[in-house]
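The structure appears below as structure tokens.
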Amino acid sequence: MTVSFISRTAGRSVLLAGAFAGGSLIAGCALHHQGHMNTALDALNTAAAALTQAPPDKAGHVQAALTFTRQAIDEVEIGMAYKIQTGSTATAD
1 MTVSFISRTA GRSVLLAGAF AGGSLIAGCA LHHQGHMNTA LDALNTAAAA
51 LTQAPPDKAG HVQAALTFTR QAIDEVEIGM AYKIQTGSTA TAD
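Residues in the sequence shown are numbered consecutively from 1, following full-length UniProt numbering.
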């Protein structure tokens, strides 16, 4: 019996999608248990959204604040990922 290229490709796609979804679910559960970090991330995302709505005519300070806020978001996400990757329980989050 010959399996078509499309069937093999579709099968691989389904397998990869399932693996990705499973990994995302596990990561999502791990992220869920980082209460303070999640709270900080939510607040920073709210701040970034507000800054993107603000008029940009504040002598460049709105853009600077948005840049720093996005950097802070990146740092929080990196910290959360570190805890997941290392299984670190050294400090409370």
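Just so you know, even glycine gets a beta-carbon here, dropped at the ideal spot from N, CA and C.
Give a yes or no on whether the C-beta atoms belonging to Leu44 and Thr67 are separated by under 8 Å.
-> Locating residue 44 in the sequence shown gives position 44, where the first residue counts as 1. Locating residue 67 in the sequence shown gives position 67, where the first residue counts as 1. For Leu44 and Thr67, no; Cβs fall outside 8 Å.
Return the CA-CA distance between His36 and Gln53, expressed in angstroms with no decimal places.
-> In the sequence shown, residue 36 corresponds to position 36, counting from 1. In the sequence shown, residue 53 corresponds to position 53, counting from 1. Rounded to the nearest angstrom, the two C-alpha atoms are 26 Å apart.
Rounded C-beta distance between Leu41 and Ile73? I'm assuming under 8 Å.
-> Against the sequence shown, residue 41 aligns to sequence position 41. Against the sequence shown, residue 73 aligns to sequence position 73. Correct: roughly 7 Å between the Cβ atoms.
Should Lys83 go down as buried or exposed, given a rule of 16 or more other Cβ atoms within 10 Å for buried?
-> Taking the first residue of the sequence shown as 1, we reach residue 83 at position 83. That one is buried.
In chain order, what residues of the same chain have a beta carbon less than 8 Å from the beta carbon of Val62, not counting five sequence neighbours either side?
-> Numbered from 1 along the sequence shown, position 62 holds the residue referred to as residue 62. Only Leu51, Ala54, Pro55, Pro56 meet the Cβ criterion.
Please classify Lys58: does DSSP put it in a helix, a strand, or coil?
-> Position 58 of the sequence shown, counted from the first residue, corresponds to residue 58. In the structure shown, Lys58 sits in coil (DSSP, three-state: anything other than H, G, I, E or B).
With DSSP run on the structure shown, which of helix, strand or coil describes Gln34?
-> Translated into positions along the sequence shown, residue 34 becomes position 34. Looking at Gln34 - three-state DSSP - the assignment turns out to be coil, as it is neither helix nor strand.
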